[in-house]
Amino acid sequence: MTLSVNVKAISTNVGRALLVNALFMLISIIVSIIYGYDEAFTPLTISFLITAITGAFPFIFAKGSSEMSMKDSYLTIALTWLLSFIFGMLPYVLYGGEFSLINAWFESVSGYTTTGSTILTDIEALPKSLLFWRSSTHFIGGLGVIIFLLIIIPGSNPLKYRLSNIELSSLSKDRYHYRSGTIVRVMTSVYIVLTVLETLLLWAAGMSFFDAVNHSFSTVATGGFSTRNTSVMYYDSDIINIILMIFMTLSSMHFGVLYAMVVKKSLKPLDHPVTKYYIGVIIVMAVLVSLSLMSDGQGTWGECLMAGSFQTISYITTTGFGQSDNAAWPAMANALLLLCAFHCGCSGSTTGGIKADRMLIAFKALVNDTKKRLHPNSMSRTKVGDHVISAELISSAFLYIVIYIAIVLLSLVALLLCGTELSEAFSGAVASLGNVGPGTGVIGTMGNFASQSVAAKIIYTVDMFLGRVEIFPVLIVVSMIFSRKDRF
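So for the sequence shown, my numbering puts the first residue at 58; every next one is plus one.
Have a look at this one:
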(Lines of atoms letter the chains of each structure in order from A; the text may use other names.)
(Lines give C-alpha, C1' and ligand atoms only; values in the text may rest on other atoms or scores of the structure.)
Protein backbone atom coordinates (compact mmCIF):
# COMPACT_ATOMS: atom_id res chain seq x y z
CA MET A 58 0.00 0.00 0.00
CA THR A 59 1.32 3.47 -0.83
CA LEU A 60 0.88 6.63 1.18
CA SER A 61 -1.37 9.06 -0.69
CA VAL A 62 -0.29 12.64 -0.21
CA ASN A 63 -2.31 15.76 -1.04
CA VAL A 64 0.43 17.80 -2.72
CA LYS A 65 -1.75 20.90 -3.10
CA ALA A 66 -2.79 21.00 0.54
CA ILE A 67 0.73 20.45 1.83
CA SER A 68 2.50 22.79 -0.60
CA THR A 69 0.04 25.69 -0.18
CA ASN A 70 0.25 25.56 3.62
CA VAL A 71 4.04 25.37 3.52
CA GLY A 72 3.93 28.23 1.01
CA ARG A 73 1.99 30.36 3.49
CA ALA A 74 4.69 29.82 6.08
CA LEU A 75 7.41 30.81 3.61
CA LEU A 76 5.49 33.98 2.73
CA VAL A 77 5.42 34.88 6.42
CA ASN A 78 9.20 34.48 6.45
CA ALA A 79 9.46 36.60 3.34
CA LEU A 80 7.41 39.34 5.02
CA PHE A 81 9.86 39.58 7.90
CA MET A 82 12.77 39.56 5.44
CA LEU A 83 11.11 42.53 3.77
CA ILE A 84 10.83 44.31 7.11
CA SER A 85 14.53 43.55 7.69
CA ILE A 86 15.30 45.16 4.32
CA ILE A 87 13.45 48.28 5.47
CA VAL A 88 15.59 48.25 8.64
CA SER A 89 18.67 48.07 6.42
CA ILE A 90 17.48 51.10 4.45
CA ILE A 91 16.81 53.03 7.68
CA TYR A 92 20.39 52.37 8.77
CA GLY A 93 21.86 53.55 5.48
CA TYR A 94 21.73 50.41 3.34
CA ASP A 95 23.97 48.39 5.65
CA GLU A 96 26.00 45.36 4.55
CA ALA A 97 23.09 42.94 4.87
CA PHE A 98 20.88 44.78 2.36
CA THR A 99 21.87 42.64 -0.64
CA PRO A 100 21.81 39.26 1.22
CA LEU A 101 18.38 40.06 2.65
CA THR A 102 17.00 41.26 -0.70
CA ILE A 103 18.15 38.13 -2.52
CA SER A 104 16.81 35.95 0.30
CA PHE A 105 13.48 37.78 0.21
CA LEU A 106 13.04 37.26 -3.53
CA ILE A 107 13.93 33.55 -3.36
CA THR A 108 11.66 32.93 -0.36
CA ALA A 109 8.73 34.96 -1.70
CA ILE A 110 8.82 33.33 -5.16
CA THR A 111 9.08 29.84 -3.65
CA GLY A 112 6.24 30.57 -1.22
CA ALA A 113 3.98 31.89 -3.98
CA PHE A 114 4.75 29.06 -6.40
CA PRO A 115 2.24 26.50 -4.99
CA PHE A 116 -0.66 28.96 -5.24
CA ILE A 117 -0.05 29.31 -8.98
CA PHE A 118 0.82 25.77 -10.05
CA ALA A 119 -0.43 23.33 -7.39
CA LYS A 120 -3.62 21.54 -8.49
CA GLY A 121 -6.12 19.45 -6.57
CA SER A 122 -8.20 19.56 -3.42
CA SER A 123 -7.11 21.56 -0.40
CA GLU A 124 -8.67 19.08 2.05
CA MET A 125 -6.08 17.60 4.41
CA SER A 126 -5.88 14.16 5.97
CA MET A 127 -4.18 13.46 9.29
CA LYS A 128 -1.03 12.33 7.48
CA ASP A 129 -1.03 15.47 5.33
CA SER A 130 -1.27 17.59 8.48
CA TYR A 131 1.68 15.92 10.17
CA LEU A 132 3.78 16.20 7.02
CA THR A 133 2.81 19.86 6.66
CA ILE A 134 3.95 20.65 10.20
CA ALA A 135 7.29 18.89 9.72
CA LEU A 136 7.97 20.46 6.30
CA THR A 137 6.91 23.92 7.47
CA TRP A 138 9.54 23.92 10.20
CA LEU A 139 12.28 22.30 8.11
CA LEU A 140 11.85 24.61 5.11
CA SER A 141 11.68 27.63 7.41
CA PHE A 142 15.06 26.57 8.79
CA ILE A 143 16.52 26.26 5.28
CA PHE A 144 15.17 29.52 3.86
CA GLY A 145 15.86 31.31 7.14
CA MET A 146 19.57 30.55 6.86
CA LEU A 147 19.85 32.22 3.43
CA PRO A 148 20.59 35.74 4.78
CA TYR A 149 23.36 34.31 6.97
CA VAL A 150 24.96 32.27 4.20
CA LEU A 151 24.86 35.15 1.73
CA TYR A 152 26.26 37.56 4.32
CA GLY A 153 29.22 35.31 5.16
CA GLY A 154 31.57 36.25 7.99
CA GLU A 155 31.24 33.74 10.82
CA PHE A 156 28.37 32.07 9.00
CA SER A 157 29.74 28.95 7.38
CA LEU A 158 27.04 26.61 6.05
CA ILE A 159 26.78 24.63 9.31
CA ASN A 160 26.92 27.79 11.42
CA ALA A 161 24.13 29.38 9.38
CA TRP A 162 22.05 26.22 9.81
CA PHE A 163 22.71 26.21 13.56
CA GLU A 164 21.77 29.88 13.98
CA SER A 165 18.62 29.47 11.88
CA VAL A 166 17.38 26.39 13.76
CA SER A 167 18.26 28.01 17.08
CA GLY A 168 16.26 31.08 16.10
CA TYR A 169 13.09 29.42 14.84
CA THR A 170 12.98 26.89 17.68
CA THR A 171 13.46 29.82 20.10
CA THR A 172 16.45 28.08 21.64
CA GLY A 173 18.76 31.09 21.54
CA SER A 174 22.09 29.27 21.32
CA THR A 175 24.55 31.03 19.02
CA ILE A 176 27.77 30.37 17.15
CA LEU A 177 28.61 34.07 17.00
CA THR A 178 31.67 35.32 18.87
CA ASP A 179 31.02 38.96 17.97
CA ILE A 180 27.29 39.65 17.77
CA GLU A 181 27.71 43.42 17.74
CA ALA A 182 29.72 43.21 14.49
CA LEU A 183 26.59 42.19 12.57
CA PRO A 184 24.61 44.83 10.63
CA LYS A 185 21.45 46.05 12.35
CA SER A 186 19.20 44.55 9.68
CA LEU A 187 20.73 41.09 10.08
CA LEU A 188 20.36 41.36 13.87
CA PHE A 189 16.71 42.21 13.31
CA TRP A 190 16.25 39.22 11.02
CA ARG A 191 17.93 37.03 13.64
CA SER A 192 15.46 38.22 16.30
CA SER A 193 12.58 37.89 13.82
CA THR A 194 13.20 34.15 13.55
CA HIS A 195 12.47 34.02 17.29
CA PHE A 196 9.26 36.00 16.81
CA ILE A 197 8.09 33.75 13.96
CA GLY A 198 9.07 30.53 15.73
CA GLY A 199 7.60 31.52 19.07
CA LEU A 200 4.19 32.25 17.62
CA GLY A 201 4.48 29.41 15.15
CA VAL A 202 4.71 26.68 17.74
CA ILE A 203 1.12 27.47 18.70
CA ILE A 204 -0.32 28.69 15.42
CA PHE A 205 1.08 25.99 13.12
CA LEU A 206 -0.33 23.23 15.29
CA LEU A 207 -3.83 24.70 15.43
CA ILE A 208 -4.50 26.82 12.35
CA ILE A 209 -3.20 24.53 9.59
CA ILE A 210 -5.33 21.51 10.45
CA PRO A 211 -8.99 21.47 9.30
CA GLY A 212 -11.50 22.33 12.02
CA SER A 213 -13.38 19.01 11.72
CA ASN A 214 -10.23 16.91 11.70
CA PRO A 215 -9.75 14.91 14.94
CA LEU A 216 -6.01 15.46 14.58
CA LYS A 217 -6.50 19.09 15.64
CA TYR A 218 -7.74 17.98 19.02
CA ARG A 219 -5.03 15.35 19.40
CA LEU A 220 -2.31 17.86 18.67
CA SER A 221 -3.98 20.35 20.99
CA ASN A 222 -3.70 17.81 23.78
CA ILE A 223 0.01 17.44 23.07
CA GLU A 224 0.73 21.16 22.96
CA LEU A 225 -1.97 22.33 25.37
CA SER A 226 -2.73 19.61 27.89
CA SER A 227 -6.33 19.23 29.01
CA LEU A 228 -5.20 20.09 32.54
CA SER A 229 -3.83 23.38 31.30
CA LYS A 230 -6.86 24.40 29.29
CA ASP A 231 -9.73 22.99 31.32
CA ARG A 232 -10.88 26.50 32.29
CA TYR A 233 -10.68 27.88 28.77
CA HIS A 234 -13.38 26.24 26.70
CA TYR A 235 -12.57 27.95 23.40
CA ARG A 236 -12.82 26.54 19.92
CA SER A 237 -9.56 26.04 18.08
CA GLY A 238 -10.01 29.19 16.00
CA THR A 239 -10.64 31.23 19.13
CA ILE A 240 -7.54 29.73 20.78
CA VAL A 241 -5.46 30.98 17.85
CA ARG A 242 -6.83 34.51 18.29
CA VAL A 243 -6.28 34.41 22.04
CA MET A 244 -2.69 33.25 21.71
CA THR A 245 -1.88 35.71 18.95
CA SER A 246 -3.36 38.71 20.74
CA VAL A 247 -1.56 37.91 24.01
CA TYR A 248 1.70 37.37 22.11
CA ILE A 249 1.51 40.71 20.31
CA VAL A 250 0.34 42.70 23.35
CA LEU A 251 3.19 41.33 25.48
CA THR A 252 5.71 42.22 22.76
CA VAL A 253 4.47 45.80 22.36
CA LEU A 254 4.20 46.43 26.09
CA GLU A 255 7.66 45.07 26.85
CA THR A 256 9.20 47.08 24.01
CA LEU A 257 7.80 50.32 25.43
CA LEU A 258 8.94 49.50 28.97
CA LEU A 259 12.48 48.52 27.93
CA TRP A 260 12.74 51.65 25.81
CA ALA A 261 11.61 53.78 28.76
CA ALA A 262 14.11 51.96 31.00
CA GLY A 263 17.07 53.05 28.88
CA MET A 264 17.43 50.63 25.98
CA SER A 265 17.56 52.02 22.48
CA PHE A 266 14.32 51.45 20.57
CA PHE A 267 16.11 48.98 18.28
CA ASP A 268 17.46 46.95 21.20
CA ALA A 269 14.09 47.10 22.97
CA VAL A 270 12.28 45.61 19.95
CA ASN A 271 14.85 42.85 19.50
CA HIS A 272 14.91 41.89 23.16
CA SER A 273 11.10 41.89 23.28
CA PHE A 274 11.00 39.54 20.30
CA SER A 275 13.39 37.27 22.18
CA THR A 276 11.64 37.49 25.55
CA VAL A 277 8.06 36.84 24.48
CA ALA A 278 9.20 33.99 22.25
CA THR A 279 11.29 32.75 25.22
CA GLY A 280 14.22 32.65 22.81
CA GLY A 281 17.21 34.58 24.16
CA PHE A 282 18.98 36.14 21.17
CA SER A 283 20.47 39.46 22.21
CA THR A 284 21.97 42.30 20.19
CA ARG A 285 24.91 42.47 22.61
CA ASN A 286 27.93 40.21 23.07
CA THR A 287 27.40 40.07 26.84
CA SER A 288 23.63 39.73 26.54
CA VAL A 289 21.64 41.53 29.25
CA MET A 290 24.74 42.02 31.40
CA TYR A 291 25.74 44.77 28.94
CA TYR A 292 23.07 47.12 30.31
CA ASP A 293 23.99 46.70 34.00
CA SER A 294 20.49 47.87 34.97
CA ASP A 295 18.33 46.40 37.73
CA ILE A 296 15.25 48.02 36.19
CA ILE A 297 15.86 46.30 32.85
CA ASN A 298 16.56 43.02 34.67
CA ILE A 299 13.27 43.25 36.56
CA ILE A 300 11.28 44.08 33.40
CA LEU A 301 12.83 41.10 31.62
CA MET A 302 12.18 38.78 34.57
CA ILE A 303 8.51 39.79 34.67
CA PHE A 304 7.99 39.29 30.94
CA MET A 305 9.99 36.06 30.81
CA THR A 306 7.72 34.69 33.53
CA LEU A 307 4.52 35.93 31.86
CA SER A 308 5.60 34.53 28.48
CA SER A 309 6.23 31.10 29.99
CA MET A 310 2.74 30.86 31.52
CA HIS A 311 -0.35 29.54 29.77
CA PHE A 312 -1.51 32.34 27.48
CA GLY A 313 -5.10 31.46 28.34
CA VAL A 314 -4.38 32.42 31.95
CA LEU A 315 -3.07 35.82 30.87
CA TYR A 316 -6.01 36.36 28.53
CA ALA A 317 -8.51 35.45 31.25
CA MET A 318 -6.84 37.86 33.69
CA VAL A 319 -7.32 40.74 31.25
CA VAL A 320 -10.85 39.82 30.17
CA LYS A 321 -12.08 39.21 33.72
CA LYS A 322 -9.96 42.04 35.16
CA SER A 323 -9.04 39.70 37.99
CA LEU A 324 -6.07 37.78 39.37
CA LYS A 325 -8.32 34.79 40.06
CA PRO A 326 -7.06 32.82 36.99
CA LEU A 327 -3.67 32.68 38.72
CA ASP A 328 -5.34 30.33 41.22
CA HIS A 329 -4.99 27.54 38.67
CA PRO A 330 -3.02 24.67 40.29
CA VAL A 331 -0.46 24.46 37.48
CA THR A 332 0.20 28.19 37.67
CA LYS A 333 0.60 28.13 41.46
CA TYR A 334 2.89 25.12 41.26
CA TYR A 335 5.01 26.74 38.53
CA ILE A 336 5.42 30.05 40.37
CA GLY A 337 6.28 28.09 43.53
CA VAL A 338 9.01 26.17 41.71
CA ILE A 339 10.49 29.43 40.38
CA ILE A 340 10.61 30.97 43.87
CA VAL A 341 12.15 27.90 45.51
CA MET A 342 14.78 27.42 42.79
CA ALA A 343 15.66 31.13 42.74
CA VAL A 344 16.25 31.12 46.49
CA LEU A 345 18.37 27.95 46.30
CA VAL A 346 20.52 29.30 43.46
CA SER A 347 20.94 32.62 45.26
CA LEU A 348 21.97 30.86 48.49
CA SER A 349 24.49 28.79 46.54
CA LEU A 350 26.00 31.95 45.04
CA MET A 351 26.06 33.66 48.42
CA SER A 352 27.81 30.74 50.11
CA ASP A 353 30.41 30.76 47.34
CA GLY A 354 31.15 34.45 47.85
CA GLN A 355 29.83 35.58 44.46
CA GLY A 356 28.83 38.99 45.82
CA THR A 357 26.54 40.71 48.29
CA TRP A 358 23.17 39.20 49.16
CA GLY A 359 21.43 41.68 46.85
CA GLU A 360 23.75 40.89 43.95
CA CYS A 361 23.39 37.14 44.49
CA LEU A 362 19.61 37.41 44.74
CA MET A 363 19.42 39.39 41.50
CA ALA A 364 21.79 37.09 39.60
CA GLY A 365 20.26 33.91 41.03
CA SER A 366 16.69 35.00 40.38
CA PHE A 367 17.40 36.27 36.87
CA GLN A 368 19.26 33.16 35.71
CA THR A 369 16.74 30.82 37.34
CA ILE A 370 13.88 32.54 35.51
CA SER A 371 15.94 32.71 32.32
CA TYR A 372 16.55 28.94 32.37
CA ILE A 373 13.16 27.71 33.58
CA THR A 374 11.34 29.89 31.04
CA THR A 375 13.76 28.61 28.35
CA THR A 376 14.65 32.19 27.40
CA GLY A 377 18.37 31.92 28.04
CA PHE A 378 19.40 35.55 28.52
CA GLY A 379 22.63 36.07 30.44
CA GLN A 380 22.74 38.54 33.32
CA SER A 381 25.99 37.10 34.71
CA ASP A 382 28.64 34.56 33.70
CA ASN A 383 27.61 31.17 35.07
CA ALA A 384 30.97 29.69 34.01
CA ALA A 385 32.35 31.19 37.26
CA TRP A 386 29.48 29.87 39.37
CA PRO A 387 29.72 26.94 41.82
CA ALA A 388 28.71 23.47 40.64
CA MET A 389 25.59 23.44 42.84
CA ALA A 390 24.18 26.62 41.25
CA ASN A 391 24.75 25.28 37.73
CA ALA A 392 23.22 21.92 38.66
CA LEU A 393 20.10 23.72 39.86
CA LEU A 394 19.94 25.67 36.59
CA LEU A 395 20.08 22.41 34.62
CA LEU A 396 17.18 21.10 36.72
CA CYS A 397 15.28 24.21 35.68
CA ALA A 398 16.20 23.48 32.05
CA PHE A 399 14.60 20.03 32.43
CA HIS A 400 11.45 21.38 34.08
CA CYS A 401 10.70 24.47 31.96
CA GLY A 402 7.48 26.49 31.66
CA CYS A 403 3.78 25.77 31.13
CA SER A 404 1.81 24.28 28.27
CA GLY A 405 0.09 26.90 26.17
CA SER A 406 3.15 29.14 26.16
CA THR A 407 6.18 29.48 23.88
CA THR A 408 8.46 27.43 26.13
CA GLY A 409 10.06 24.09 25.34
CA GLY A 410 11.08 21.32 27.73
CA ILE A 411 9.00 18.82 29.67
CA LYS A 412 6.73 21.58 31.00
CA ALA A 413 5.22 22.20 34.42
CA ASP A 414 1.92 20.50 33.53
CA ARG A 415 3.52 17.11 32.91
CA MET A 416 5.81 17.45 35.92
CA LEU A 417 2.87 18.19 38.23
CA ILE A 418 0.78 15.37 36.79
CA ALA A 419 3.67 12.92 37.22
CA PHE A 420 4.29 14.06 40.81
CA LYS A 421 0.61 13.79 41.76
CA ALA A 422 0.35 10.36 40.12
CA LEU A 423 3.39 9.09 42.01
CA VAL A 424 1.98 10.35 45.32
CA ASN A 425 -1.39 8.73 44.59
CA ASP A 426 0.24 5.45 43.58
CA THR A 427 2.26 5.42 46.80
CA LYS A 428 -0.94 5.94 48.82
CA LYS A 429 -2.60 3.05 47.03
CA ARG A 430 0.31 0.76 47.80
CA LEU A 431 0.16 1.72 51.48
CA HIS A 432 -3.64 1.44 51.54
CA PRO A 433 -4.64 -1.14 48.87
CA ASN A 434 -8.36 -0.81 49.59
CA SER A 435 -8.45 2.97 49.13
CA MET A 436 -10.34 4.52 46.21
CA SER A 437 -8.16 7.61 45.81
CA ARG A 438 -7.77 9.15 42.36
CA THR A 439 -5.08 11.39 40.96
CA LYS A 440 -6.28 14.97 41.20
CA VAL A 441 -4.77 18.37 40.54
CA GLY A 442 -6.96 20.85 42.34
CA ASP A 443 -10.54 19.77 41.57
CA HIS A 444 -9.48 18.22 38.28
CA VAL A 445 -9.41 14.41 38.13
CA ILE A 446 -6.57 13.27 35.89
CA SER A 447 -7.45 10.42 33.52
CA ALA A 448 -5.26 7.35 33.25
CA GLU A 449 -4.66 8.22 29.59
CA LEU A 450 -3.29 11.67 30.46
CA ILE A 451 -1.09 10.25 33.22
CA SER A 452 0.28 7.63 30.84
CA SER A 453 0.93 10.28 28.18
CA ALA A 454 2.80 12.49 30.66
CA PHE A 455 5.02 9.65 31.88
CA LEU A 456 5.64 8.44 28.32
CA TYR A 457 6.76 11.90 27.24
CA ILE A 458 9.08 12.28 30.23
CA VAL A 459 10.66 8.86 29.59
CA ILE A 460 11.18 9.57 25.88
CA TYR A 461 12.52 13.02 26.72
CA ILE A 462 15.13 11.65 29.14
CA ALA A 463 16.02 8.88 26.66
CA ILE A 464 16.73 11.48 23.94
CA VAL A 465 18.94 13.46 26.34
CA LEU A 466 20.94 10.31 27.15
CA LEU A 467 21.23 9.29 23.47
CA SER A 468 22.36 12.81 22.59
CA LEU A 469 24.90 12.71 25.41
CA VAL A 470 26.41 9.48 24.09
CA ALA A 471 26.49 10.83 20.52
CA LEU A 472 28.14 14.07 21.65
CA LEU A 473 30.76 12.19 23.66
CA LEU A 474 31.55 10.12 20.56
CA CYS A 475 32.06 13.42 18.73
CA GLY A 476 34.72 14.37 21.27
CA THR A 477 32.64 16.84 23.28
CA GLU A 478 33.66 17.26 26.92
CA LEU A 479 31.24 15.56 29.36
CA SER A 480 29.81 18.62 31.15
CA GLU A 481 29.41 20.50 27.86
CA ALA A 482 27.77 17.50 26.21
CA PHE A 483 25.26 16.99 29.01
CA SER A 484 24.37 20.64 29.53
CA GLY A 485 24.28 21.22 25.75
CA ALA A 486 21.90 18.30 25.20
CA VAL A 487 19.62 19.41 28.05
CA ALA A 488 19.66 23.05 26.92
CA SER A 489 19.05 22.19 23.26
CA LEU A 490 16.19 19.73 23.79
CA GLY A 491 14.62 22.14 26.29
CA ASN A 492 15.11 25.08 23.88
CA VAL A 493 16.89 26.88 26.72
CA GLY A 494 20.01 28.03 24.87
CA PRO A 495 23.04 28.30 27.15
CA GLY A 496 24.45 25.34 29.01
CA THR A 497 27.46 25.50 31.30
CA GLY A 498 31.17 26.12 30.79
CA VAL A 499 32.21 27.43 27.38
CA ILE A 500 28.60 27.15 26.18
CA GLY A 501 27.28 29.02 29.23
CA THR A 502 25.51 32.36 29.50
CA MET A 503 28.50 34.37 28.25
CA GLY A 504 29.80 31.66 25.91
CA ASN A 505 28.78 30.31 22.51
CA PHE A 506 28.76 27.13 20.44
CA ALA A 507 31.38 28.26 17.91
CA SER A 508 34.01 25.82 19.19
CA GLN A 509 31.72 22.78 18.93
CA SER A 510 32.38 20.29 16.13
CA VAL A 511 30.22 20.09 13.02
CA ALA A 512 28.75 16.77 14.16
CA ALA A 513 27.95 18.20 17.60
CA LYS A 514 26.20 21.20 16.06
CA ILE A 515 24.04 18.88 13.97
CA ILE A 516 23.10 16.87 17.07
CA TYR A 517 22.22 20.04 18.95
CA THR A 518 19.96 21.25 16.11
CA VAL A 519 18.15 17.90 15.95
CA ASP A 520 17.49 18.22 19.67
CA MET A 521 16.27 21.80 19.21
CA PHE A 522 13.79 20.67 16.56
CA LEU A 523 12.52 17.74 18.63
CA GLY A 524 12.09 19.98 21.66
CA ARG A 525 10.24 22.67 19.74
CA VAL A 526 7.64 20.38 18.13
CA GLU A 527 7.41 18.27 21.29
CA ILE A 528 8.82 15.01 19.87
CA PHE A 529 5.57 13.16 19.06
CA PRO A 530 4.83 14.77 15.65
CA VAL A 531 8.36 13.96 14.49
CA LEU A 532 8.09 10.36 15.69
CA ILE A 533 4.79 9.99 13.85
CA VAL A 534 6.22 11.35 10.58
CA VAL A 535 9.27 9.09 10.88
CA SER A 536 7.05 6.07 11.54
CA MET A 537 4.96 6.99 8.48
CA ILE A 538 8.07 7.13 6.31
CA PHE A 539 9.51 3.83 7.47
CA SER A 540 6.28 1.91 7.89
CA ARG A 541 5.73 -0.70 5.17
CA LYS A 542 2.03 -0.03 5.29
CA ASP A 543 2.41 3.72 4.71
CA ARG A 544 5.51 3.80 2.56
CA PHE A 545 5.60 6.59 -0.09
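Quick reminder that beta carbons are idealized off the backbone N, C-alpha and C, glycines included. Please read all numbers here as calculations on a predicted model, not as lab measurements.
Fill in: T175 - containing alpha helix (DSSP H), residue span
That residue, T175, is in no alpha helix (DSSP H); it is neither H nor E in DSSP.
Discussion item. If contacts are defined as beta-carbon pairs under 8 angstroms, then S366 and F282 qualify, I think. What distance do you get, rounded to the angstrom?
Written reply: Their Cβ separation, rounded to whole angstroms, is 22 angstroms, which puts S366 and F282 out of contact at 8 angstroms.
Discussion item. Which same chain residues end up closer than 7 angstroms to S294 when comparing Cβ atoms and leaving out the 5 residues on each side of it in sequence?
Written reply: Only A262 and G263 meet the Cβ criterion.
Worksheet entry | Candidates Y335, A392, N391 and L350, of which the one nearest T374 by Cα | Nearest of Y335, A392, N391 and L350 to T374, Cα basis: Y335.
Discussion item. So, at 6 angstroms on beta carbons, what are the nonlocal neighbours of L348 in its own chain, with the 5 sequence-adjacent residues on each side left out?
Written reply: Taken in chain order, the list of residues that qualify is empty.
Fill in: H444 - DSSP class collapsed to helix/strand/coil
Strand, per DSSP.
Worksheet item: Where do the N-terminal and C-terminal ends of the alpha helix (DSSP H) with Q368 fall, by residue?
Response: Residues W358 to I373.
Fill in: Exposure of P115, with buried meaning 16 or more beta-carbon neighbours within 10 Å
Here P115 is buried, its C-beta having at least 16 other C-beta atoms within 10 Å.
Discussion item. Using 8 angstroms as the cut-off, can you tell me whether the stretch 179-197 makes contact with the stretch 269-276, which would need three or more C-beta pairs spanning the two stretches below that distance?
Written reply: The count of Cβ pairs closer than 8 angstroms, one atom from the stretch 179-197 and one from the stretch 269-276, reaches three, so the stretches are in contact.
Worksheet item: Got a sec, what are the start and stop residues for the alpha helix (DSSP H) C631 sits in?
Response: Residue 631 lies beyond the stretch modelled for the chain, which goes from 58 to 545, so this question has no answer here.
Practice prompt. State whether the stretch 479-498 contacts the stretch 144-160, with contact taken as three or more CB pairs (one from each stretch) at a distance under 8 angstroms.
Written response: Output reads no: the stretch 144-160 does not touch the stretch 479-498.
Worksheet entry | Neighbourhood of A398 by C-beta distance below 6 angstroms, restricted to the same chain and skipping five residues each side | The residues Y372, V487, A488, G491 and V493, in chain order, have a CB closer than 6 angstroms to that of A398 in the same chain once the five nearest residues on each side in sequence are set aside.
Fill in: CA-to-CA distance, T175 to F118, given in whole angstroms
So the alpha carbons of these two residues sit roughly 38 angstroms apart.
Item to complete: For the alpha helix (DSSP H) holding E481, just list the boundary residues, first then last.
Response: That run of the alpha helix (DSSP H) goes L479 to L490.
Discussion item. Distance check for E449 and L75, CA to CA, integer angstroms please.
Written reply: Each residue's alpha carbon lies about 36 angstroms from the other.
Discussion item. Does the contact criterion of 3 or more C-beta pairs under 8 angstroms hold for the stretch 408-420 versus the stretch 451-460?
Written reply: A contact exists between the stretch 408-420 and the stretch 451-460.
Discussion item. Between A97, M82 and I90, which has its C-alpha nearest F196's C-alpha?
Written reply: Out of A97, M82 and I90, M82 has the C-alpha closest to the C-alpha of F196.
Worksheet item: Is the beta carbon of A553 less than 8 angstroms from the beta carbon of G337?
Response: For residue 553 there is no data in the structure shown, the boundaries of the chain being 58 and 545.
Item to complete: Could you say which of S130, A97 and G201 lies nearest to G153 if we only look at CA atoms?
Response: Cα-wise, what sits closest to G153 is A97.
Item to complete: Please state if the CB of G72 and the CB of G112 are separated by a distance shorter than 8 angstroms.
Response: G72 is positioned such that its CB atom lies closer than 8 angstroms to that of G112.
Practice prompt. Look at the alpha carbon of I180 and the alpha carbon of G504, and state the distance between them as a whole number of angstroms.
Written response: Spanning the two alpha carbons is a distance of roughly 12 angstroms.
Worksheet item: Are the Cβ atoms of S85 and L106 separated by less than 8 angstroms?
Response: Cβ atoms of S85 and L106: not closer than 8 angstroms.
Discussion item. Quick check on the burial criterion: 16 or more other C-beta atoms within 10 angstroms. Buried or exposed for Y94?
Written reply: With fewer than 16 Cβ atoms within 10 Å of its Cβ, Y94 is classed as exposed.
Worksheet item: Between G409 and G280, which are expected to be in contact by the criterion C-beta below 8 angstroms, what is the C-beta distance as a whole number of angstroms?
Response: In this structure G409 is not in contact with G280, their Cβ atoms being roughly 10 angstroms apart against a cut-off of 8 angstroms.
Discussion item. Distance check for F163 and P171, CA to CA, integer angstroms please.
Written reply: Reading the sequence as shown, one finds Thr at residue 171 and not Pro. The straight-line gap from Cα to Cα measures roughly 12 angstroms.
Item to complete: In the DSSP assignment, find the alpha helix (DSSP H) that holds Y335 and state where it starts and stops.
Response: Taken as a continuous stretch (DSSP letters only), the alpha helix (DSSP H) holding Y335 covers P330 to S352.
Worksheet item: For W386, which option in G485, T376 and A364 has the closest C-alpha, if you only look at C-alpha atoms?
Response: Cα-wise, what sits closest to W386 is A364.
Practice prompt. Could you spell out where the alpha helix (DSSP H) holding G72 opens and where it closes?
Written response: Per DSSP, the continuous alpha helix (DSSP H) segment holding G72 begins and ends at V64 to I91.
Worksheet item: For W138, does the count of other Cβ atoms within 10 angstroms reach 16, so buried, or fall short, so exposed?
Response: The residue is buried, with at least 16 neighbouring Cβ atoms inside 10 Å.
Discussion item. Looking only at its chain, what residues have a beta carbon closer than 6 angstroms to the beta carbon of A317, apart from the 5 residues adjacent to it on each side?
Written reply: In chain order, P326 place their CB closer than 6 angstroms to the CB of A317, counting only its own chain and leaving out the 5 sequence neighbours on each side.
Discussion item. Considering only their Cβ atoms, is the gap separating Q368 from L394 smaller than 8 angstroms?
Written reply: Inclusion of L394 and Q368 in the CB contact set at 8 angstroms is warranted, their separation being smaller than that value.
Practice prompt. Compute the Euclidean distance between the alpha carbons of V341 and A135, then round it to the nearest angstrom.
Written response: In a straight line, the C-alpha of V341 is about 37 angstroms away from that of A135.
Worksheet item: Since S288 contacts F378 with CB under 8 angstroms, what's their CB separation in whole angstroms?
Response: That belief holds up - the Cβ atoms of S288 and F378 are roughly 5 angstroms apart, short of 8 angstroms.
Item to complete: Would you decide whether M290 is buried or exposed? Buried here means 16 or more other CB atoms lie within 10 Å of its CB.
Response: Buried.
Item to complete: Starting from A109, follow the alpha helix (DSSP H) in both directions and report where the run begins and ends.
Response: A109 -> alpha helix (DSSP H) spans F98 to F118.
Discussion item. Would V511 and I159 be called neighbours here (beta carbons separated by less than 8 angstroms)?
Written reply: Between V511 and I159, the C-beta gap is smaller than 8 angstroms, which places the two residues in contact.
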